[in-house]
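Asks: Residue numbering for the sequence shown follows UniProt numbering, beginning at 1 and increasing consecutively.
Ideal Cβ positions, reconstructed from N, Cα and C, are used throughout, including at glycine.
Owing to the predicted nature of the structure, the values given are computational and were not obtained by experimental measurement.
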Amino acid sequence: GSTKSKIKGQSLKSADQILTSEEFRSTQSWKDYDFIIFGVPVDLTVKLISELPTDFSGIITDLGSTKKEIIHAVETHFSSGHNYISSHPMCGSEESGLEFANSSLYEGRLCILTSPKNVKLGIQDRLKNFWKFVGTTTIEISAEEHDSILSYLSHSPHILSSIMADWAANQKTIKRYTDLSPIPLNGGGFRDMTRIAGSNPRMWAAIFGSNQDEIFRSLSDFRDRLDIILEKLNPKNTLDPEEWERFMEISRRSRDFILKNQDDSKKN
1 GSTKSKIKGQ
11 SLKSADQILT
21 SEEFRSTQSW
31 KDYDFIIFGV
41 PVDLTVKLIS
51 ELPTDFSGII
61 TDLGSTKKEI
71 IHAVETHFSS
81 GHNYISSHPM
91 CGSEESGLEF
101 ANSSLYEGRL
111 CILTSPKNVK
121 LGIQDRLKNF
131 WKFVGTTTIE
141 ISAEEHDSIL
151 SYLSHSPHIL
161 SSIMADWAAN
171 QKTIKRYTDL
181 SPIPLNGGGF
191 RDMTRIAGSN
201 PRMWAAIFGS
211 NQDEIFRSLS
221 DFRDRLDIIL
231 EKLNPKNTLD
241 PEEWERFMEI
251 SRRSRDFILK
261 NQDDSKKN
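#1: May I ask you to verify whether the segment 65-83 touches the segment 38-53, counting CB pairs closer than 8 Å and requiring at least 3?
#2: Please name the residue in D192, K47, S148 and V46 whose C-alpha comes closest to that of residue 337.
#3: According to DSSP, F35 sits in a beta bridge with which residue or residues?
#4: Helix or strand or just coil, what does DSSP make of P89?
#5: If you draw a straight line from the alpha carbon of I228 to that of I37, how long is it in whole angstroms?
#6: Write down the C-beta distance between I59 and N83 rounded to the nearest angstrom, noting that I regard them as a contact closer than 8 Å.
#7: To the nearest angstrom, how far is it from the Cα of I139 to the Cα of R202?
#8: Between T137 and L110, how many whole angstroms is the CB-CB distance? I'm expecting something under 8 Å.
#9: State the beta-bridge partners of Y84 as determined by DSSP.
#10: Closest by CA to N211, which one among D32, G64 and I7?
#11: Give the straight-line distance between the Cα atoms of D147 and S199, rounded to the nearest whole angstrom.
#12: Which same chain residues end up closer than 7 Å to V42 when comparing Cβ atoms and leaving out the 5 residues on each side of it in sequence?
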């Protein structure tokens, strides 16, 4: 991480030793490490991979939110057997920084593992055991499928949440009465739909850039569905309450299917 993160971590006593990304890059004692986890934005992860010693004997993973660029970097850097498998624990919140560390963050969560070519035998089992130890269940998904899935379930929703926040804040009547009101005008719908608009801009800019093609496809799909809804809402058409009831019921079932009826109190 950055020097700022290191200073913050030291003040919070978050670890026995904290290195900045530059200090990590300049290390001469790779044998001192037996497990490396890159918890930095995807673009920086790719740069760090290119600087790893090709004969490193420990396990290496990352927490990247996209996989195609990371897997390509690993397969380019390691021409033969290596110990790198990419990870994506499906947890976190819109907050960022060591002060928001949560010791139970991984409990009951899913961790996606994505294996590059030429991974050494036994590395996957060792990494699975690590993730099991911290409380997660693992599943193996390819880089291409991972990035497609996450464009629908994470990346595009973040963009839509950000659009919604800006869309409402720039509506003239909302702006006027927000200035006049002593407390927020909004109900739960706006708050819940825009919570993730408060996420780390630096991290999400890197995610959008590294999964641009899949995000474009998923948002195009969303736009097609929105166009259908807009046509049904066109004042020239008669609104059918039963049709909207069916629409909402199907949507409710779709949400339950995706979330597997999990506890809504847990943040994504």
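Replies: A quick look at the data gives this:
#1: yes
#2: Nothing can be reported for residue 337: it is not among the residues displayed for the chain, which extend from 1 to 268.
#3: Taking the sequence shown and counting its residues from 1, the one referred to as residue 35 is at position 35. Its beta-bridge partners are I59.
#4: Stepping through the sequence shown from its first residue, residue 89 is reached at position 89. P89 falls in the strand class under three-state DSSP.
#5: Residue numbering aside, residue 228 sits at position 228 when the sequence shown is read from its first letter. Residue numbering aside, residue 37 sits at position 37 when the sequence shown is read from its first letter. Near 44 Å, if we compare the C-alpha coordinates of I37 and I228.
#6: For the purposes of this step, residue 59 is taken as residue 59 along the sequence shown, with counting starting at 1. For the purposes of this step, residue 83 is taken as residue 83 along the sequence shown, with counting starting at 1. 5 Å between Cβ atoms; contact.
#7: Against the sequence shown, residue 139 aligns to sequence position 139. Against the sequence shown, residue 202 aligns to sequence position 202. In a straight line, the C-alpha of I139 is about 28 Å away from that of R202.
#8: If you number the sequence shown from 1, residue 137 lands on position 137. If you number the sequence shown from 1, residue 110 lands on position 110. Correct: roughly 6 Å between the Cβ atoms.
#9: Residue mapping note: residue 84 aligns to position 84 of the sequence shown, counting from 1. Per DSSP, I60.
#10: By 1-based counting over the sequence shown, the position of residue 211 is 211. Checking every option, the nearest Cα to that of N211 belongs to G64.
#11: Against the sequence shown, residue 147 aligns to sequence position 147. Against the sequence shown, residue 199 aligns to sequence position 199. So the two alpha carbons sit approximately 19 Å from each other.
#12: Sequence index remark: in the sequence shown, residue 42 carries index 42 (1-based). Excluding residues within five positions, the ones whose Cβ falls inside 7 Å are G64, S65, T66, E69, I70, A206, I207 and S210.
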